[in-house]
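Have a look at the structure below, then the notes.
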Amino acid sequence: MMMVLLFAIGCVHQVSWTEQYAARYPAPTTTVAVVAMEEACRPLAEAVIDALGSRPGVEVRPDATQRLFVQGCDDLVTTQVDVEGNYPGLGYGNAVYFERRRYTLHGWAKGVLEVQTPGLDPVKFTATSERDQRGPWVASGDLDIPGTPVLRDRLAEDVADQLVQNLVPLPETIRRTVFPDPEPGTSRQLHNDAVAAERAGNLDEAMRLARAAYAADPSPGAMDYVEVLEHRYEQVGYASKE
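Here the sequence shown is numbered in our numbering, starting from 1479 and rising by one per residue.
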């Protein structure tokens, strides 16, 4: 049975349930070979192997007939340094000046997974990820900007998880905020109805109600929920809830 949990957060509640997605690939993925089509794709291919290892019942073997070709890999990391100064006071005409700095690494990565299975046409899946790594504020002379390997590894893990999710999707825990005892016809009631429709697996109705909730009260929170539902629309339909 689907488990629903409720707990109070101030004047709102949070409801959660587990959703099992259906695979987007027509053939089952149990024994596969993973091939990096270029040297730049080797880190992503290794991350794909790790992601497959977290899926029960999946084995990676070089002689498998179902083959996953990792290709189209690209990533970019940029560095931004924020500078902040202040003047806490004056002394004999000279400003007392203090400056501090903080770095932000912004990373982006992309990868393509081509799946080939005997008797089926090849299918390609594409995934992207973005992450930021921000350091603390430090005195100007103490700024130490780290290298990018950790951020690049995390981006590769993100992309690999998205790609493998198309083949062997893991259950996902969905958490949504709901409002206790809202007035009928209000934005909050429409929001609650949208969450109930989403939980029942009716995304069309959930989207209609979420947009109506935003129209009734165009708040940032209402728009956030519309965007969350739009993202879920990009995912394939669901397997039956147990």
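Using N, Cα and C, we set each Cβ at its ideal position, and we do this for glycine too.
Please read all numbers here as calculations on a predicted model, not as lab measurements.
With a threshold of 7 Å (Cβ to nearest heavy atom), would residue i be considered close to the ligand MG?
i	result
ARG1686	The ligand MG is not part of the structure shown, which contains no ligands of any sort.
Which residue comes first and which comes last in the beta strand (DSSP E) that contains residue i?
i	result
ARG1654	1650-1656
ARG1612	1601-1612
VAL1510	1509-1514
Mapping DSSP to helix, strand and coil, what is residue i?
i	result
ALA1501	coil
LEU1641	helix
SER1718	Here SER1718 scores only 33 on pLDDT, less than 50, and its place in the model is too uncertain to base an answer on.
GLY1531	helix
VAL1526	helix
ASP1541	coil
VAL1493	strand
ASP1622	coil
ASP1631	helix
GLU1661	coil
Can you tell me where the alpha helix (DSSP H) holding residue i begins and where it ends?
i	result
SER1665	1665-1677
GLU1683	1681-1694
GLU1705	1698-1711
Evaluate residue i with the Cβ neighbour count: other Cβ atoms within 10 Å of its Cβ, from every protein chain shown; 16 or more gives buried, anything less gives exposed.
i	result
GLU1708	exposed
VAL1642	buried
VAL1510	buried
ARG1665	It should be pointed out that residue 1665 corresponds to Ser in this sequence rather than to Arg. Buried, because 16 or more other Cβ atoms sit within 10 Å of the Cβ of SER1665.
PHE1547	buried
ASN1564	exposed
MET1481	Residue placement at MET1481 cannot be trusted, given a pLDDT of 43 that sits under 50; the coordinates are not used to answer.
ALA1514	buried
LEU1598	exposed
GLN1558	exposed
GLU1676	buried
LEU1554	exposed
THR1651	exposed
GLU1661	exposed
ARG1630	buried
ALA1523	buried
ASP1671	buried
GLU1444	The chain is shown from 1479 up to 1720; residue 1444 falls before or after that span and cannot be answered.
THR1543	exposed
GLY1715	Any answer about GLY1715 is weak, because its pLDDT of 46 lies below 50 and its placement is not dependable; what the coordinates show is given next. Flag for GLY1715 reads exposed.
Taking residue i as the reference, which of the options has the closest Cα?
i	options	result
PRO1521	ARG1710, ASP1552, SER1697, ASP1671	ASP1552
ARG1614	ARG1710, PRO1624, ALA1634, VAL1510	It is Pro, not Arg, that sits at residue 1614 in the sequence shown. Comparing Cα-Cα distances from PRO1614 to each of ARG1710, PRO1624, ALA1634, VAL1510, the minimum goes to PRO1624.
GLY1531	PRO1647, PHE1576, LEU1633	PRO1647
HIS1669	PRO1649, VAL1706, THR1651	VAL1706
GLY1589	VAL1555, GLY1535, PHE1603	PHE1603
LEU1621	VAL1601, TRP1586, THR1582, GLU1517	THR1582
HIS1584	GLU1592, THR1556, PHE1576, VAL1561	THR1556
LEU1633	VAL1526, ALA1505, ARG1689	VAL1526
GLN1667	VAL1616, LEU1645, PRO1649, ALA1700	ALA1700
GLU1592	ARG1580, ASP1631, ASN1644	ASN1644
GLU1712	ASP1682, SER1697, PRO1698, HIS1491	ASP1682
ASP1639	ALA1505, ARG1533, THR1507, PRO1506	ARG1533
When the cut-off is 8 Å and only beta carbons count, does residue i lie next to chain B?
i	result
TRP1615	The structure shown has no chain B; it contains just one protein chain.
Sufficient close CB pairs (3 or more, under 8 Å) joining the stretch 1602-1613 to the stretch 1491-1499: no
Pairing CB atoms from the stretch 1652-1663 with CB atoms from the stretch 1622-1639, are three or more of them under 8 Å? Not touching, per the Cβ criterion.
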